[in-house]
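In this note's numbering, the protein residues as written are 92 to 244. Shown next, in structure tokens, is the structure this report addresses.
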Amino acid sequence: MQYDREKEGLSALGHKSGISRDYDPEVLETFANQHPENDYWVRFNCPEFTTLCPITGQPDFAEIRISYIPGERMVESKSLKLYLFSFRNHGDFHEDCVNTIMKDLIALMDPKYIEVTGFFTPRGGISIYPYVNYGRPGTKYEDLASRRFATHE
Numbered sequence: 092m093q094y095d096r097e098k099e100g101l102s103a104l105g106h107k108s109g110i111s112r113d114y115d116p117e118v119l120e121t122f123a124n125q126h127p128e129n130d131y132w133v134r135f136n137c138p139e140f141t142t143l144c145p146i147t148g149q150p151d152f153a154e155i156r157i158s159y160i161p162g163e164r165m166v167e168s169k170s171l172k173l174y175l176f177s178f179r180n181h182g183d184f185h186e187d188c189v190n191t192i193m194k195d196l197i198a199l200m201d202p203k204y205i206e207v208t209g210f211f212t213p214r215g216g217i218s219i220y221p222y223v224n225y226g227r228p229g230t231k232y233e234d235l236a237s238r239r240f241a242t243h244e
């Protein structure tokens, strides 16, 4: 099936990329899920995530993993890349980054379920791996979120 970028309102896909100088959730775009009746996983891995320590201004590097079960809308991958790159000059703690990413994606596409993990490289000899998840309230996905959170390593 051929996608009509204009019909879907996609502006980043197929065009030259301009990377935002600071955190920019406005670059995120969605498109219609062609199979909203099905439960299936969509997984993204960003092994080159960078943000700045809000105290020292030093760069922090991480691998960000996003997994979700889509509802009616799905995040467009190039816009997600531009969004994640927009953290490069933004100062936030590791835990704030994963929570912000998850909340922005929930607001954007209302997924059935989503989880975000950050695998931050060591600074001062300590690695930090924050994990956050969400399941749509009042559904089986809320139960899934509780189970996955309780058994998260």
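Even for Gly, the Cβ is constructed at its ideal location relative to N, Cα and C. Quick caveat: nothing in here was measured; it's all calculated off a predicted structure.
Residue span of the beta strand (DSSP E) that contains residue 146, given as start and end: Careful: residue 146 lies outside any beta strand (DSSP E) and carries neither H nor E.
Residue 219 versus 115, 101 and 153, residue with shortest Cα-Cα distance: Considering only alpha carbons, the answer is 153.
8 Å Cβ cutoff met for residue 115 and residue 174: yes
Limits of the unbroken beta strand (DSSP E) element including residue 206: Residue 206: member of the beta strand (DSSP E) spanning 204–214, first to last residue.
Option in 136, 163, 191 and 133 with minimal Cα separation from residue 127: 163
Distance, residue 133 Cα to residue 124 Cα: 11 Å
The region 237–244 touching the region 187–200, judged by at least three CB pairs closer than 8 Å: no
Opening and closing residue of the beta strand (DSSP E) in which residue 121 lies: 121–123
Own chain, CB closer than 6 Å to residue 206, minus 5 neighbours either side, in chain order: 158 and 224
Candidates 167, 137 and 230: closest to residue 120 by CA position: 167
Beta-carbon spacing of residue 165, residue 122 below 8 Å: yes
Spatially closest choice to residue 211 from 129, 130 and 139, by CA coordinates: 139
Minimum C-alpha distance to residue 143 - residue among 178, 229 and 118: 178
Of the residues 130, 118, 148 and 101, the one placed nearest residue 214, counting alpha carbons only: The shortest C-alpha separation from residue 214 is found at 148.
Candidates 198, 202, 141 and 208, of which the one nearest residue 189 by Cα: 208
Same chain, Cβ closer than 6 Å to residue 137, neighbours up to 5 away in sequence not counted: 155 and 175
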